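Visitor: Per UniProt numbering, the sequence shown starts with residue 1, numbered consecutively.
No residue lacks a Cβ here, since even glycine has one placed at the ideal position from N, Cα and C.
Here the structure is a predicted model, which is why all the values come from computation and not from measurement.
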Amino acid sequence: MLPWFQNGAFPLYLAPMAGVTDLVFRQICKELGADVMVTEFVSAEGIMQADERTRKYTEFTDEQRPVGVQLFGGDGERMGEAAKKIIGWKQPDFIDINFGCPVNKVVAKNGGSSLLKDCPTLASVAAGVKKGVGGEVPVTAKMRIGWDDKTVNAVEVCRILEDCGMEAIAVHGRTRSQGYSGEANWEVIDACAQAVKIPVIGNGDISTGADLARRKRETAVSGVMIGRAAMQNPWVFREAKHFLETGETLPPVPLEDRWSLVLRHCRLAVNSARYGAEKHAMMSMRARLMAYCKGFPGAKELRQRLAQVQSVAEVEDIAALSLATAADMAEV
């Protein structure tokens, strides 16, 4: 069994999200209580071509462990070779295979969720990565429950992946055709968890401690994975753990503390090697900033301003104005 599941542990994973779960955001979520990290997905072919940009996606720090590097592709042998290269570079705690991404450019390359329609190829990819890794690190997988409502085959796929040597499976309770709409189907996730002997991590619509406690209580999952909720509220990990331990809901994080974290994230992004100049770093942060300010007083106007920022100083000014406006509203 993977160490982070031992002794009755119920780990909280930060879901891999392209353009979101970079080195800096993983650091923040780790500090706030996330147990297991997974990098943004990386192209196996990009790794094989020693593409410097692709390699950046595999970076992590020892403080973020346990951390896995997620690969996508449609050729098991090549993916196995890519996994071997990554292990040589960085020695992650595990390699994760993406069988869930719904994005067209990934699906078009016979990667991500497209393999849910082709179980023989899916099995060859899983087996190829497992063989290529050669037991140096565990191999896990992330998947959706099916391609569409007519082809929900998650239980079958989980059994195939277990047979191919996967040591844990994260199941997002939506089909590829759903994208991120509708509700996650936790009945299917539960059926997957009951169908295999390896840990199944449930993913989908976990945004509060009560959500986490309910899924732990009502399903057979061994852990949960939190994605979009963490984008606007990385404190969700701390809040969820507190609820699980005490049954109490923590008070909302004060607006001042939220802006403090937003500014810290901006400074860390600018100082990282990922984005280059400050302008480029802040342009890449715009969508992140707009997610953070959901629920802030005057959020609509904030989003409009944050969508244009090019420097940390601009965000500092916006934060100061936001806090002053909130203080004035509190006095009325």
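Between the region 162–169 and the region 181–190, do three or more beta carbon pairs fall short of 8 angstroms?
Guide: no
Visitor: Determine, using beta-carbon pairs with one atom in the region 242–252 and one in the region 261–272, whether at least three such pairs fall under 8 angstroms.
Guide: no
Visitor: Give me the Cα-Cα distance between residue 99 and residue 112, rounded to the nearest whole angstrom.
Guide: 4 angstroms
Visitor: Do the CB positions of residue 68 and residue 21 come within less than 8 angstroms of each other?
Guide: no
Visitor: What residue from 116, 153 and 86 has the CA that sits closest to residue 137's CA?
Guide: 86
Visitor: Mind pulling the alpha helix (DSSP H) runs of 4 or more residues that sit fully within the region 121–171?
Guide: 154–163
Visitor: For residue 297, tell me which candidate among 121, 200 and 254 has the shortest Cα-Cα distance.
Guide: 254
Visitor: According to DSSP, residue 333 sits in a beta bridge with which residue or residues?
Guide: Because the chain here runs from 1 to 332, residue 333 falls outside it and cannot be looked at.
Visitor: So the candidates are 135, 83 and 76; which of them puts its Cα closest to the Cα of residue 119?
Guide: 76
Visitor: Identify, in the order they occur along the chain, each residue of the same chain with its Cβ nearer than 7 angstroms to the Cβ of residue 313, setting aside the five sequence neighbours on each side.
Guide: none
Visitor: Can you tell me where the beta strand (DSSP E) with residue 76 in it begins and where it stops?
Guide: Run containing residue 76: none in the beta strand (DSSP E); it sits in the alpha helix (DSSP H), 76–90.
Visitor: Indicate whether residue 219 and residue 202 have their beta-carbon atoms separated by less than 8 angstroms.
Guide: yes
Visitor: Please report the straight-line C-alpha distance between residue 116 and residue 157, rounded to a whole angstrom.
Guide: 7 angstroms
Visitor: Relative to the alpha-carbon of residue 207, which residue among 14, 3 and 4 has its alpha-carbon at the smallest distance?
Guide: 14
Visitor: Check whether the Cβ atoms of residue 41 and residue 60 sit closer than 8 angstroms, and answer yes or no.
Guide: no
Visitor: Given this structure, state the Cα-to-Cα distance separating residue 160 from residue 222, to the nearest angstrom.
Guide: 19 angstroms
Visitor: Rank 216, 303 and 50 by C-alpha distance to the C-alpha of residue 12 and give the top, closest one.
Guide: 216
Visitor: Going residue by residue through the region 204–240, where are the continuous beta strand (DSSP E) segments of at least 3 residues, counting only ones entirely within it?
Guide: 223–226
Visitor: Can you tell me the Cβ-Cβ gap for residue 145 and residue 171, rounded? I've got them flagged as a contact below 8 angstroms.
Guide: 7 angstroms
Visitor: Excluding five sequence neighbours on each side, which residues of the same chain lie with their C-beta closer than 8 angstroms to the C-beta of residue 291?
Guide: 231 and 232
Visitor: Hey, could you find the ends of the beta strand (DSSP E) residue 70 is sitting in?
Guide: Per DSSP, residue 70 belongs to the beta strand (DSSP E) from 67–72.
Visitor: Helix, strand or coil, according to DSSP, for residue 271 in the structure here?
Guide: helix
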